[in-house]
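Residue numbers (the UniProt record's numbering): 1 to 178. Every residue gets a Cβ at the ideal spot worked out from N, C-alpha and C, and that includes glycine. What follows is a short report on a single structure.
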């Protein structure tokens, strides 16, 4: 009888202790993300990708993100390396295609790039782990587009480093106006 009483009290108490620890760890993870001052080398949470409409394609590499929130504007900065097919799929999912990319154009502003430490454009070496060399890139290695969407949907600035055509590096700044 005493054993049953101990089980009836001990099991729920143990569950409460485990739940409290998990809840505390979850809060720490969220706090760490909120206090980040630069790119975090991991995939953005799925809900964040949906809000900012940044559909990173599967099997992407070098994935990193940073989210900044202000009173009127919130931005999600994302980078990833993908394949040529992955780039085409990404562009299709945001409602455009590879023909919309303007060759030689970097659409992410210098101020936005500096926010997360990106060095974009001709004369910069590729940041991709699949870069073919560390030689600075040429103007024709870069292309970009800006996708202004209607209503409350985010504005997408996409810049692509094609110095390795088989594995382009994609940079996205998604801006939501509140």
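Quick check on this structure: which residue in 101, 175, 173 and 156 has the alpha carbon closest to the alpha carbon of residue 140? Position 140 of the chain shown holds residue 140. Selected option, being the one with the closest Cα: 101.
Residue 177, buried or exposed, once every other Cβ within 10 Å from all chains shown has been counted against 16: Residue 177 sits at position 177 when you count from the first residue of the chain shown. Per the 10 Å Cβ criterion, exposed.
Whole-angstrom Cβ separation of residue 90 and residue 170, contact assumed at under 8 angstroms? Your numbering for residue 90 matches position 90 in the chain shown. Your numbering for residue 170 matches position 170 in the chain shown. Correct: roughly 7 angstroms between the Cβ atoms.
Report yes if the CB atom of residue 76 is closer than 8 angstroms to the CB atom of residue 96, and no otherwise. Working through the chain shown from its first residue, we reach residue 76 at position 76. Working through the chain shown from its first residue, we reach residue 96 at position 96. No.
Kindly indicate which residue of 168, 157, 162 and 167 has the alpha-carbon position closest to the one of residue 54. Start at 1 with the first residue of the chain shown, and residue 54 comes out as number 54. Minimum Cα distance to residue 54 is reached at 157.
Beta-bridge pairing of residue 156 - partner residues as DSSP gives them: Mapped onto the chain shown, residue 156 falls at position 156. DSSP, once it has assigned bridges, lists 147 and 174 as partnering residue 156.
By Cβ distance below 6 angstroms, which residues in the same chain neighbour residue 67 in space, the five residues on each side in sequence not counted? As a working mapping, residue 67 is identified with position 67 in the chain shown. Taken in chain order, the residues that qualify are 76.
Can you check which of these residues, 37, 81, 40 and 38, is closest to residue 161 by C-alpha distance? The count along the chain shown starts at 1 and reaches residue 161 at position 161. Closest in C-alpha terms to residue 161, from the list 37, 81, 40 and 38, comes 81.
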